[in-house]
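Asker: This is the structure, below, for whatever I ask next.
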Amino acid sequence: MLNPREWTATVHQDLCRDLRQFNAEPVFVGYSGGIDSSLLLRLACDAFGPERVTALHINHGLSAQAGQWQDFCQRQAEQLGCQLKTHAGSVASAGNGLEAAARDLRYQQFGRMVTEDGVLLLGHHLDDQVETFFLRLMRGTGLQGLKAMARLSRRGSYQLYRPLLDLSRQQIVSLATHLQLEWIEDDSNAQTRFDRNYLRQTVLPLLEARWPAYRQRVHNLIGLIDSPQSDAVFELERELHHRLSHDQGFKLVQLDALTGEQLLSLLHAWLRAIGQQIPSKARLEEIASAVIAAQADAMPEVRLGQGAVRRHGLALYWVADRVEPGPAPALTVGVASAWPGVGQVRLVLADSGPDRLKADLANLHWRLRVGGETLRPVGRAKRRDLKRLLQEYRVKPWDRARLPLLYSADELIAVGDLLLSADHLADQAEPGLQVIWQNTD
Numbered sequence: 001m002l003n004p005r006e007w008t009a010t011v012h013q014d015l016c017r018d019l020r021q022f023n024a025e026p027v028f029v030g031y032s033g034g035i036d037s038s039l040l041l042r043l044a045c046d047a048f049g050p051e052r053v054t055a056l057h058i059n060h061g062l063s064a065q066a067g068q069w070q071d072f073c074q075r076q077a078e079q080l081g082c083q084l085k086t087h088a089g090s091v092a093s094a095g096n097g098l099e100a101a102a103r104d105l106r107y108q109q110f111g112r113m114v115t116e117d118g119v120l121l122l123g124h125h126l127d128d129q130v131e132t133f134f135l136r137l138m139r140g141t142g143l144q145g146l147k148a149m150a151r152l153s154r155r156g157s158y159q160l161y162r163p164l165l166d167l168s169r170q171q172i173v174s175l176a177t178h179l180q181l182e183w184i185e186d187d188s189n190a191q192t193r194f195d196r197n198y199l200r201q202t203v204l205p206l207l208e209a210r211w212p213a214y215r216q217r218v219h220n221l222i223g224l225i226d227s228p229q230s231d232a233v234f235e236l237e238r239e240l241h242h243r244l245s246h247d248q249g250f251k252l253v254q255l256d257a258l259t260g261e262q263l264l265s266l267l268h269a270w271l272r273a274i275g276q277q278i279p280s281k282a283r284l285e286e287i288a289s290a291v292i293a294a295q296a297d298a299m300p301e302v303r304l305g306q307g308a309v310r311r312h313g314l315a316l317y318w319v320a321d322r323v324e325p326g327p328a329p330a331l332t333v334g335v336a337s338a339w340p341g342v343g344q345v346r347l348v349l350a351d352s353g354p355d356r357l358k359a360d361l362a363n364l365h366w367r368l369r370v371g372g373e374t375l376r377p378v379g380r381a382k383r384r385d386l387k388r389l390l391q392e393y394r395v396k397p398w399d400r401a402r403l404p405l406l407y408s409a410d411e412l413i414a415v416g417d418l419l420l421s422a423d424h425l426a427d428q429a430e431p432g433l434q435v436i437w438q439n440t441d
């Protein structure tokens, strides 16, 4: 087992050998003066020779010490014998915050300062990578975003390389100390109002106390996400995004463009995305053959967990088991009533607004559908069968028997809060009744 001195010497040699793979001329190093970029600048000078290295320093002007930091970077570059190019700019917090604005400024200026076909080295390390992973996770990124930072990538006409991604912050400190480097400490790193600092100072220490190997676990996961095998996963995610409807349905469009295995994979991904039980391959095949391939007017279903996969039009839905609708509750204006199997229904008196019924309607009560109902909805000249209206409004078949129907005596005047009778509307200037239905079942 290597002692600390042997370890640092070996890592130094390995990193220098790693850097020499680039034949770019010159080599650029993003240099803030902090420990990470100070180590990287020294490694680059050792690997290529200082005459081939150009350090790039971006002065954001965010700290009162920014001028002193730039002077420090100039002195260090002179000691190493490499060139330093600087840019001073101001950062204004945009929609994504001050951190993001400062990062955008850096990359914008790097793009102007790095010559064509050059290589830009950045000092991001393992802890930076882990922080980026968690930040993107909390912001709701997809799998592509969870790849975090790439070791090698291309930005326009130049390559961007991060050779320190396998080293932890502590290992960076050990190597910098071994090489007797000097660096500056940015006082803003202690300010937890910034997301990354909050994660670094508050959240991740708790993870480390409980799971000391968490960095390597995240690092391994990023490697899996970034593997060639993950390309199919990304393609699957994109395809599912196009097929997932606003009401969590699975759109049955352009199925002829899919192989059988692709369809099963999409069904698997859809059920996982909506938080349902993942069935066996045999059950997925049953969904494909019995539900998807059924006639358009059929109503097949395949049981799955505490519900069933059903089809309506050109979409699949997972429908939870529900209790059968109970007897209609008594109706009192202004009082909400819980209706088992239907939801919460309420009729309130409103002084103004559209879609209100006349306030003087008599013998108001709730009912369920029995078939044969008719209604002249708002905006229509003639009465229509309720069955056809519900089809027209794309109310799913399994929901139609659960609609609360409002009657005045024996005349249907409202279908939940979906349809109102045009024959019983209140005038705009007079008080009227408003139907409120919350489908809580």
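Read in UniProt numbering, the sequence shown has 400 at position 400, and its numbers run on one by one without any break.
Backbone N, C-alpha and C fix where the C-beta goes; we use that ideal spot for every residue, glycine too.
Within a Cβ cutoff of 8 Å, which residues of the same chain sit near G307, ignoring the five residues on either side of it in sequence?
Answerer: Here residue 307 refers to the residue found at position 307 when the sequence shown is read from its first residue. These residues qualify, in order along the chain: Q276, W318, V319, A320 and D321.
Asker: Might you give, ordered along the chain, the residues of its own chain that have their beta carbon closer than 8 Å to the beta carbon of A288, omitting 5 neighbours on each side?
Answerer: Translated into positions along the sequence shown, residue 288 becomes position 288. Correct list, in chain order: G260, L263, L264 and L267.
Asker: Strictly by DSSP, which residues pair up with F110?
Answerer: As a working mapping, residue 110 is identified with position 110 in the sequence shown. Bridge partners of F110: none, in fact.
Asker: Under 8 Å by Cβ, that's how I've got Y161 and L121 pegged, so tell me the actual separation to the nearest angstrom.
Answerer: Position 161 of the sequence shown holds residue 161. Position 121 of the sequence shown holds residue 121. Contact flag correct, Cβ pair sits at about 5 Å.
Asker: Could you say which of A273, T192 and S421 lies nearest to L389 if we only look at CA atoms?
Answerer: The residue you call residue 389 lines up with position 389 of the sequence shown. When each option's Cα is compared against that of L389, the closest is S421.
Asker: Whose C-alpha, out of H87, V342, N189 and R346, is nearest the C-alpha of T332?
Answerer: Counting from one through the sequence shown, the residue named residue 332 turns up at place 332. If we check each option's Cα against that of T332, R346 comes out closest.
Asker: In whole angstroms, what separates the C-alpha of W339 from that of S408?
Answerer: Numbered from 1 along the sequence shown, position 339 holds the residue referred to as residue 339. Numbered from 1 along the sequence shown, position 408 holds the residue referred to as residue 408. Rounded to the nearest angstrom, the two C-alpha atoms are 19 Å apart.
Asker: For G49, count neighbouring Cβ atoms within 10 angstroms of its own Cβ and tell me buried if that reaches 16, exposed if not.
Answerer: The residue labelled residue 49 in the question sits at position 49 within the sequence shown. That one is exposed.
Asker: So, at 7 Å on beta carbons, what are the nonlocal neighbours of N439 in its own chain, with the 5 sequence-adjacent residues on each side left out?
Answerer: Position 439 of the sequence shown, counted from the start, is the residue given in the question as residue 439. Excluding residues within five positions, the ones whose Cβ falls inside 7 Å are G343.
Asker: Expressed to the nearest angstrom, what Euclidean distance is found between the alpha-carbon atoms of G156 and R283?
Answerer: Counting from one through the sequence shown, the residue named residue 156 turns up at place 156. Counting from one through the sequence shown, the residue named residue 283 turns up at place 283. Using only the alpha carbons, I get a separation of about 48 Å.
Asker: With the cut-off set at 7 Å, would you say T8 and H178 are in Cβ contact?
Answerer: Within the sequence shown, numbered from 1, the residue matching residue 8 stands at position 8. Within the sequence shown, numbered from 1, the residue matching residue 178 stands at position 178. In this structure, H178 lies closer than 7 Å to T8 by Cβ.
Asker: Go through the segment 198-256 residue by residue and report every complete run of the alpha helix (DSSP H) that reaches 4 residues or more, in order.
Answerer: Taking only runs of at least 4 residues, the alpha helix (DSSP H) segments lying wholly in the segment 198-256 are 204-210, 214-225 and 230-243.
Asker: Between the alpha carbons of L406 and L412, how many angstroms are there, rounded?
Answerer: Within the sequence shown, residue 406 is the residue found at index 406, counting from 1. Within the sequence shown, residue 412 is the residue found at index 412, counting from 1. Their Cα atoms are separated by approximately 6 Å.
Asker: Of all the options L126, Y31, G140 and A148, which has the alpha carbon lying nearest to the alpha carbon of T86?
Answerer: If you number the sequence shown from 1, residue 86 lands on position 86. That would be Y31, whose Cα lies nearest to the Cα of T86.
Asker: Do L165 and Q129 have their C-beta atoms closer together than 7 Å?
Answerer: If you number the sequence shown from 1, residue 165 lands on position 165. If you number the sequence shown from 1, residue 129 lands on position 129. A contact, by the Cβ cut-off of 7 Å.
Asker: Quick one: what does DSSP say G334 is sitting in, helix, strand or coil?
Answerer: For the purposes of this step, residue 334 is taken as the residue at position 334 of the sequence shown. Residue state, collapsed to three classes: coil.
Asker: Identify whether P26 lies in helix, strand or coil by the three-state DSSP scheme.
Answerer: By 1-based counting over the sequence shown, the position of residue 26 is 26. Looking at P26 - three-state DSSP - the assignment turns out to be coil, as it is neither helix nor strand.
Asker: Can you tell me where the beta strand (DSSP E) with W437 in it begins and where it stops?
Answerer: As a first step, residue 437 must be located in the sequence shown, where it is residue number 437. W437 -> beta strand (DSSP E) spans G432 to Q438.
Asker: Consider the C-beta atom of H60 and the heavy atoms of the ligand ADP; say whether any pair is separated by less than 6 Å.
Answerer: As far as ligands go, the structure on display features none, and thus does not contain the ligand ADP.
Asker: Measuring CA to CA, which of R380, D127 and H242 is closest to Q170?
Answerer: By one-based count along the sequence shown, residue 170 stands at place 170. Ranking the options by Cα distance to Q170, first place goes to D127.
Asker: Using DSSP bridges, identify the partner residues of W366.
Answerer: In the sequence shown, the residue the question calls residue 366 occupies position 366. DSSP output for W366 lists L406 as bridge partner(s).
Asker: Cβ of G34 within 7 Å of Cβ of W183?
Answerer: Indexing the sequence shown from 1 puts residue 34 at position 34. Indexing the sequence shown from 1 puts residue 183 at position 183. Yes; because the gap between Cβ atoms is below 7 Å, this pair is in contact.
Asker: Alpha carbon to alpha carbon, what distance is there between H365 and V302?
Answerer: Looking up residue 302 in the sequence shown gives position 302. Looking up residue 365 in the sequence shown gives position 365. Distance between the alpha carbons of V302 and H365: 37 Å.
Asker: Taking the alpha-carbon of L43 as reference, which of V27, T141 and R400 has the nearest alpha-carbon?
Answerer: Taking the sequence shown and counting its residues from 1, the one referred to as residue 43 is at position 43. Per the Cα distances, V27.
Asker: Can you tell me which of the three DSSP states D104 falls into?
Answerer: If you number the sequence shown from 1, residue 104 lands on position 104. Looking at D104 - three-state DSSP - the assignment turns out to be helix.
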